[in-house]
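Numbering (the numbering used here), first residue to last: 474 to 820.
Note that beta-carbon positions come from the ideal geometry of N, C-alpha and C, so glycine has one too.
Every value quoted in this text rests on a predicted model; they were computed, and no experiment measured them.
Beneath this line is the structure, given in structure tokens, with notes to follow.
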């Protein structure tokens with residue numbers, strides 16, 4: 474196997490592999506990656522650092538085996554390889570295998586093991602990184618190559634609703650309290666509509682006040698401008714034309730995913746977010762999508778709310794590797810419980 478870096482001339486091939494691979498998400502597409510490269514940032518040692526995108530293509534005898542978008546940060550303390558980058562609202566990134574669905578189980582396992590080793594060696598020896606962090610997509614089901622390479626493997630979870638069941642079964646599967654909440658919201662005269670760009674700014678503003686968004690507004694708006702016509706929708710809850718809450722969804726392949734939003738939990742004794750979710754699910758069904766994803770199943774703060782939808786729990790992984798000296802430094806840091814800027818990123 475050998476590694477090359479993709480260029481703008483490879484965009485079509487890159488996006489075709491992303492679309493065909495079970496690991497591929499909208500976050501992996503070329504245009505999204507380039508916007509991410511433009512707006513990413515991390516704060517460290519009283520400075521702001523930006524990463525450069527390294528769009529890795531792994532080949533074997535001229536056959537393209539897979540892709541790995543990596544962002545490299547050069548900071549005074551450490552050289553970091555990240556997928557996704559910092560300072561952007563990306564749930565997933567990580568490796569993508571080409572023609573993965575057509576392979577037998579043995580071949581899938583061996584090929585992914587070889588692919589990982591090639592990328593891992595490139596990062597550690599060619600790029601000389603000290604720290605690697607990867608958030609895989611839910612399509613990655615085998616984290617063993619990372620375990621064997623001394624990575625920390627932290628399971629994370631997201632929720633999938635099978636839309637092929639139809640509205641009635643999905644509604645019947647909701648918890649009793651959730652159905653009561655949705656009906657109560659409707660009775661209060663709250664309604665949901667498709668929103669425009671100005672509502673993205675409203676949603677962002679409320680999230681920022683609540684410390685629930687870490688990117689800048691320019692990044693969010695550039696993503697919206699580039700993907701609104703094909704992949705993004707804004708669902709907005711209102712009462713007598715007053716904006717209450719909203720969410721931006723991502724539609725890609727056969728799935729609709731909640732991306733950013735639902736900043737307002739209560740209004741006049743109701744929970745408008747329940748109706749936002751339900752109307753977004755209805756829209757996904759009516760437009761022929763097969764799955765609806767409620768991102769964020771690993772966060773205990775939202776467990777009681779999101780579990781009411783009785784969706785299927787789907788795993789993905791956070792994968793981390795530390796060089797020996799960085800691992801030693803982290804151990805000392807934890808020993809003395811020092812709260813530094815670096816601790817935020819390495820824990």
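- Per DSSP, the continuous beta strand (DSSP E) segment holding residue 547 begins and ends at 536 to 547.
- Using a C-beta cut-off of 8 Å, the stretch 684 to 698 makes no contact with the stretch 640 to 648, since fewer than three inter-stretch Cβ pairs fall below that distance.
- Residue state for residue 622 is assigned as coil, using DSSP reduced to three classes.
- Distance from the CA of residue 560 to the CA of residue 503, rounded to the nearest whole angstrom, comes to 18 Å.
- Annotation for residue 514: 521, 523 and 560 place their beta carbon closer than 6 Å to its own, counting only its chain and skipping 5 residues before and after.
- Looking from the CA of residue 501, the closest CA among 719, 552 and 530 belongs to 530.
- Rounded to whole angstroms, the gap between the alpha carbons of residue 532 and residue 713 is 57 Å.
- Closest in C-alpha terms to residue 601, from the list 607, 733, 609 and 592, comes 592.
- Secondary structure of residue 509 (DSSP, three-state): helix.
- Counting only residues of its own chain and dropping the five nearest sequence neighbours on each side, residue 586 has a CB closer than 6 Å to the CB of 618.
- If you check the CB distance, residue 745 and residue 663 come in under 8 Å.
- For residue 794, the CB contacts under 6 Å within the same chain, skipping 5 residues up- and downstream, are 605 and 624 in chain order.
- In this structure, the straight-line span from the alpha carbon of residue 493 to that of residue 538 is close to 13 Å.
- Non-local C-beta neighbours of residue 512 in its own chain, meaning closer than 6 Å and more than five positions away in sequence, comprise 692, ordered along the chain.
- By the criterion of at least three beta-carbon pairs nearer than 8 Å, the stretch 627 to 645 is not in contact with the stretch 671 to 687.
- If the five residues before and after residue 639 are omitted, its C-beta is found closer than 8 Å to the C-beta atoms of 758, all from its own chain and listed in chain order.
- When the beta-carbon positions are compared, residue 751 and residue 655 come within less than 8 Å of each other.
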